[in-house]
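Worksheet: one structure, shown below.
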Amino acid sequence: MEYPKLPEARAQSIVRSLKLSKAARTGQRIWVGRDSLGVAAVASWKWIERDLAIVCVVALSRRLRGHGLTYTREMVDTATAQISGDAADRGLREFQLIAYIHKDNRPSRAFANRFEMDQLTDPDKDGYALHSVTLPAGETDRMPSPSG
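Position 32, counted from 1, in the sequence shown is what our numbering calls 17; the numbers after and before it change by one each time, with no gaps.
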């Protein structure tokens, strides 16, 4: 499948390259959401420090895009619930979640803004900026309520 935008092509490439055996060896976590039509969403993250997790990829199936925040919210709530559980297992009260978001990825930038992620850096030479949010460990509602 061809994607006209760089962020979509990169996300698709990352999703296709995810390997369970490699993830198990490196501590990477993969969450796959399915529905009656197959894979609906994928999220992957990795702990890079005791209290710091990085989002490797978050991707929503093309057939579910454009339906408001319902599917995105469900995907993020489920993934952050799992990350938060990991954090609680590590004995943490809170943790920092970071993600690199491409400057041309308007949906992801808008989502990050709505859920109170701070942009920490200007875009690098490839167009990616670092975003971050601090979340509580072990609670059921991970992300702040969307503003606006």
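A virtual CB, placed ideally from N, CA and C, is assigned to each residue, including glycine. Keep in mind that this is a model prediction, so the values were computed, not measured.
Assuming the contact rule is C-beta atoms closer than 8 Å, residue i and residue j should be a hit. Round their C-beta distance to whole Å, please.
i: Val43; j: Met60; result: 7 Å
i: Val40; j: Leu82; result: 7 Å
Suppose you measure from the CA of residue i to the CA of residue j; what does that come to, to the nearest Å?
i: Ala8; j: Val24; result: 19 Å
i: Gly72; j: Pro92; result: Correcting the residue identity first, residue 72 is Ala in this sequence and not Gly. Going by the C-alpha atoms only, they are around 27 Å apart.
i: Arg58; j: Lys110; result: 30 Å
i: Ile4; j: Trp30; result: For the record, residue 4 in the displayed sequence is Lys; it is not Ile. Taking the straight line joining both Cα atoms gives about 13 Å.
i: Arg(-5); j: Asn90; result: 11 Å
i: Ser101; j: Val118; result: Note that residue 101 corresponds to Glu in the displayed sequence, not to Ser. About 7 Å.
i: Leu105; j: Ala97; result: 12 Å
According to the neighbour-count rule (16 or more other Cβ atoms, all chains shown, within 10 Å of its Cβ), is residue i buried or exposed?
i: Leu22; result: exposed
i: Ser6; result: exposed
i: Ile86; result: buried
i: Ile68; result: buried
i: Val27; result: buried
In terms of residue numbering, what span does the alpha helix (DSSP H) encompassing residue i cover?
i: Thr55; result: Thr55 to Asp74
i: Ser93; result: Arg91 to Arg99
Where do the N-terminal and C-terminal ends of the beta strand (DSSP E) with residue i fall, by residue?
i: Phe80; result: Glu79 to His87
i: Thr119; result: Tyr113 to Pro121
By the three-class DSSP mapping on this structure, what secondary structure does residue i have?
i: Leu49; result: helix
i: Ser29; result: strand
Shorter than 7 Å, the distance from the beta carbon of residue i to the closest heavy atom of the ligand ATP, or not?
i: Gly18; result: The ligand ATP is not among the ligands present in this structure, which contains no ligands whatsoever.
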